[in-house]
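Just so you know, the sequences run in chain order A and B. Under this note's numbering, residues -7 to 93 are what the first sequence spells out, in order. Under this note's numbering, residues 2 to 661 are what the second sequence spells out, in order. Backbone N, C-alpha and C define an ideal beta-carbon position, used for all residues, glycine too. Encoded as structure tokens, the structure appears first; notes follow it.
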Amino acid sequence: MSEKPQWEAIAKHSSFIELKRKKRNFLFSWWIISTIYYLLLPVISGYFPEAFRVKVIGPINFGYLFILSQFVMAIGVAIYYAHVANKTFDRLTKQLLDALK
Amino acid sequence: MKKRIAALTVALSLSIFGAAAACAAVAATAATPLAAPAATAPGATAPAPPAAAAAKAEVTPAKGAAAAPAKITPNRGITIGMFALIIAVTMGVVVWAAKKTQTASDFYTAGGGITGFQNGWAIAGDYMSAASFLGMSGLISLYGIDGFMYAVGPMFSFIAILLVIAEPCRNAGKYTLGDILSFRSSPKVVRGVAALSTVTVSIFYLIAQMVGAGKLMQMLLNIPYKVSVIGVGALMVAYVVFGGMKATTWVQIIKASLLMGATTVLCLLVAIKAGFNPVSFFTDVVNSSAIQEHVRMNVLKDVVAKPGVDYGQRFMEPGLFLKSPLDQISLGLAWALGAAGLPHILMRFFTVPSAKDARKSIIIALFLNSTFFFMISVIGFGAALYLTPQAISAVDKGGNMATLLLAQHMGGGPGSLGGDIFLAFICAVAFATILAVVSGLVLAASAAIAHDVYVNIIKDGKADQHLQVKVARITSLFVGTSAIVMGLMAEKENVVALVALAFAVAASGNFPVVMLSLFWRKFNTAGIVSGLVVGTVSALALVMVSPVMTYPKKIAADARKVVDTLEKKQAGGAVLAEKEVQALVKSRAEYAKNKNGTSMVGLDAPIFPLKNPGIVSVPLGFMAAFFGCLLFRERRAEEMFDEIDVRQNTGIGIAKAAEH
């Protein structure tokens, strides 16, 4: 079997540090942004219900559209993440693995 | 073999839909209000419920809407046929899976041979429980937009999983929560506590599902509660003991396909009837006099219409069901973080070969679920419009029969062949749903006991594959049987709270420690133990003193109010209607029974005001983990951080599913 990976050495490798930094920034920022957007739902509907009552198209009000937007946001974040992961993270990981050989 | 299963499922679904759609098309041309008073409901073998009296007396369906019978009446023959078919197909899967399950990794993770696409369907299936399928549409049909809002939570929980949990866990872990957490900490202590937490969460979820299954079968087919619980339990035990993760995954996939198919068809039928025009659809909803009356009388309890209030539009506005903003935020937090801490979901990431496949499966599950919940909302509003909320709540107060009634109606109405087939199909799918979910839960709980406790704590990690599988099977048998017993005991309890509780515990106990283990250098054994214990205990304790529990004195007080009002009316010389006399007698009895009782923990009234402890217990869990860790520093844990950091970010050294 190949030797055990030297974890400390890899952790100090510049490619790894770059990968980790980019990942952390992206994942945590988007997680926090989407969670805040999601929590706006109970906050607005609970504390500012009049906002939800504003009619937009016929009887369809802002509340309904805002709920719908939550679905759009979730799908959007997922697609965007898949794109970034494929384009950047996977590429950097491969770079790191090649550099370690 | 897999292709044959897929083909069979597709063929089955298409032929059902073809039949139902054909009948629906025929019935749609003769779309006149069907008058089907409860008294003459065909094939009703059960005693006429009190709802029959209500249907005759107060609740008059609006003109132009169909009147559904007050008891749902599936054609027993067709329904049992459907059930038998689904059981046969899934048992076939179990037999096939059993032959392929030899090693521990086969049993727990299907040997890592599940593709991202398949796993996506399986995970989606875990979310599409009977509660979402039946309960959410019911909520929407009775309370309007609040039900739709409720659906956002479970959908959103995927984001936390996708961004911060799925890939790191697959890269770093093996089968269980205990595997991930014990990475750089004292394995025995951590595995023990993790196993305890896993079993607790799974048991709550399990009891809720078993009771739900029992009640559903009782309502639909008049099978006694005890028989249904034992029946479902026996099947579930068979699936898990013989087929392990392979069987449960494929049962989930099959059930998810059937459920998506059924929901799509039902949603399309509603859309066709509404002419694919959302504006006119919602205008009809708002203008429906049945809905307006339901909102006014049953929900807002305005006996005399308040001037200037648009009761129809009110259906599209929040607040009919979810009343307390703080409670909603609490619930939202539990949803958003809890799913990422559910052991039976975590286990699913290990069934795929790599982190990239785990990523793919979550994205697919997210797509499936968002579509599913959106379609459910259409079904819910459609049910309110075409069946009237009064008719729906006449069959079941919680509205849980809304989807089934709509299926029957859209298929051609009660008693018609299309209606019966469609209804039978949906009933059988609901049944399969429960079976699939409970199997996954039993597997997760068994993994915690067999793998974490027995193999790693008691046997120090030394146990050959055959022994591991044997122990796993025996544990599953034991867990499944306990679930049956608890389901039988919990028949009269309010189990709706149990699922929310499971999520709260997962969000407060499991999620913080998993996150900190993966991302914080300083995190160690003490942190894990404090986080798990404090998070779990605080969530449990807060629920025990919350409004979710039953408080006899409150029931007595409500009963007292009814008695006083009616007695006053009587004293004033009025003659009470028969229904009111019944209510008076019932309330008096309720009052006498409850006036001296206390809740399970001995309280008269709730101390904690919220139904969901999330907003308190999640921060508590994080804080306990944080401080526990800092109080008892551990060099080894900090030194080993590099290993888990590199592993979780890159996948170097990833445990192949066939290793352990």
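Item	Value
Consult DSSP for LYS562 of chain B and reduce its assignment to one of helix, strand or coil.	helix
Buried or exposed: GLN649 of chain B, going by 16 or more other Cβ atoms within 10 Å of its Cβ?	buried
Taking only beta-carbon positions, decide if GLY50 of chain A is within less than 8 angstroms of chain B.	yes
Between which two residues does the alpha helix (DSSP H) containing LYS274 of chain B stretch?	226 to 274
Quick one: grab the DSSP three-state call for LYS47 of chain A.	strand
Taking 8 angstroms as the CB-CB limit, is LEU88 of chain A close to chain B?	yes
LEU84 of chain A and LEU33 of chain A: beta carbons closer than 8 angstroms?	no
For a cutoff of 8 angstroms on Cβ pairs, would you count SER186 of chain B as touching chain A?	no
With 7 angstroms as the C-beta to C-beta threshold (strictly closer), list the residues of the segment 380 to 393 of chain B near chain A in chain order.	none
Can you tell me where the alpha helix (DSSP H) with GLU168 of chain B in it begins and where it stops?	167 to 173
Run through chain A and tell me which residues come within less than 8 angstroms of VAL280 of chain B, C-beta to C-beta.	ILE49, GLY50, PRO51, ILE52
SER6 of chain A versus chain B: which residues are under 9 angstroms apart at the beta carbon?	Ordered by position in chain B, no residue passes the 9 angstroms Cβ test against SER6 of chain A, which lies about 14 angstroms from the chain.
Tell me whether LYS457 of chain B sits in a helix, a strand or coil according to DSSP, three-state version.	The question names Lys, but residue 457 of chain B is Asn in the sequence shown. Of the three classes helix, strand and coil, the one that applies to ASN457 of chain B here is helix, per DSSP.
In angstroms, rounded to a whole number, what distance separates the CA positions of ILE231 of chain B and ILE88 of chain B?	15 angstroms
Pick helix, strand or coil for ILE163 of chain A, following the three-state DSSP scheme.	The requested residue 163 of chain A does not occur in the structure, where chain A is confined to residues -7 to 93.
Taking just the CA atoms, how far does PHE426 of chain B sit from ASN511 of chain B?	37 angstroms
According to a CB-to-CB cut-off of less than 7 angstroms, which residues of the segment 17 to 51 of chain A neighbour chain B?	LEU19, TRP22, TRP23, SER26, THR27, TYR30, LEU31, LEU33, PRO34, VAL35, SER37, GLY38, TYR39, PRO41, PHE44, ARG45, ILE49, GLY50, PRO51
Please state the DSSP three-state secondary structure of TYR387 of chain B.	helix
What's the gap between the Cα of ARG16 of chain A and the Cα of HIS5 of chain A?	17 angstroms
With distances taken from CA atoms, which of B:GLY615, B:GLN469, B:THR476, B:LEU621 is nearest THR104 of chain B?	B:GLN469
For a quick check, are the C-beta atoms of ALA291 of chain B and GLN219 of chain B less than 8 angstroms apart?	no
Buried or exposed, going by whether 16 or more other CB atoms sit within 10 Å of the CB of HIS467 of chain B?	exposed
So, helix, strand or coil for PRO607 of chain B, using DSSP?	coil
Between LEU334 of chain B and the rest of its own chain, which residues show a CB-CB distance below 7 angstroms, the 5 nearest in sequence each way excluded?	ALA508, GLY615, ILE616, VAL619
Taking the straight line between their C-alpha atoms, what separation do you get for TYR312 of chain B and ILE146 of chain B?	13 angstroms
Can you list the residues of chain A that GLN329 of chain B reaches, using a CB-CB cut of under 9 angstroms?	LEU33, PRO34, VAL35, SER37, GLY38
To which residues of the same chain is VAL304 of chain B closer than 8 angstroms at the C-beta, ignoring the five residues directly before and after it?	MET298
Could you list which residues in chain B have their beta carbon closer than 7 angstroms to that of TYR73 of chain A, in chain order?	LEU163, LEU164
Measure the C-alpha to C-alpha separation of PRO610 of chain B and VAL35 of chain A and round it to an integer number of angstroms.	18 angstroms
Mind checking if ALA275 of chain B is an interface residue toward chain A, Cβ cutoff 8 angstroms exclusive?	no
Three or more C-beta pairs closer than 8 angstroms, one from the segment 149 to 169 of chain B and one from the segment 61 to 73 of chain A: is that the case here?	yes
Could you compute how far the alpha carbon of TRP251 of chain B sits from the alpha carbon of ARG349 of chain B?	12 angstroms
Residues of chain B with CB closer than 8 angstroms to the CB of THR80 of chain A, please, in chain order.	Those within 8 angstroms of THR80 of chain A in chain B number zero; the least Cβ separation is about 13 angstroms.
Taking 8 angstroms as the CB-CB cut-off, is PRO308 of chain B touching chain A?	no
Determine, using beta carbons only, whether LEU19 of chain A and LEU164 of chain B come nearer to each other than 8 angstroms.	yes
Among B:VAL514, B:GLY622, B:VAL480, whose alpha-carbon lies nearest the alpha-carbon of ALA540 of chain B?	B:GLY622
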